[in-house]
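In UniProt numbering, the protein residues as written are 1 to 141.
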């Protein structure tokens, strides 16, 4: 529809039209990405590819360059961002235990067993503040 109406558009017009017509399609079709069908994902991404080619002066550029110039993101990034927002919302609302297994005792973040202190990695936590004093004073005179 946009291509039939406008042959070439400016970047400002693109921002308006992209926000009104293309982004809702991408957001509505985003669950298709989870179906695992790469064919559907490619079709959805083609909508944004075609829309970015309509901006005057950008048709000859590759897709990634057009995205950078227009300050847009690929569909994969938008999906990852949506996943992170949803996960954060689940943890904030206290619903994470319905979807994730949270182990509060495991704070090592995948680093395995705790290492015992030996001569190589022996530090005295009591002296840590004194050892950082010169650094702190050089930053905040």
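Using N, Cα and C, we set each Cβ at its ideal position, and we do this for glycine too. Just so you know, these numbers come straight off a predicted model, no measurement behind them.
Around the beta carbon of residue 93, a 10 Å sphere encloses fewer than 16 other beta carbons of the protein chains shown; the residue is thus reported as exposed. Our two residues, residue 52 and residue 86, have alpha carbons roughly 28 Å apart in a direct line.
Closest in alpha carbon position to residue 27, among 45, 50, 70, is 45.
Beta-bridge analysis with DSSP links residue 68 to no other residue. Ranked by Cα distance from residue 74, the options 20, 8, 90, 43 are led by 43. DSSP places residue 82 in the uninterrupted alpha helix (DSSP H) bounded by 75–92. Ranked by how close their Cα comes to the Cα of residue 25, the residues 47, 100, 40 have 47 in first place. Around the beta carbon of residue 84, fewer than 16 other beta carbons lie within 10 angstroms, which makes this residue exposed. Rounded to the nearest whole angstrom, the CA to CA distance from residue 15 to residue 76 is 20 Å. Taken atom to atom, the span from the alpha-carbon of residue 59 to that of residue 95 is near 46 Å. Taking the Cβ atoms as the reference, residue 55 lies roughly 7 Å from residue 70, within the contact range of under 8 Å. Here residue 68 is exposed. Its C-beta has fewer than 16 other C-beta atoms within 10 Å.
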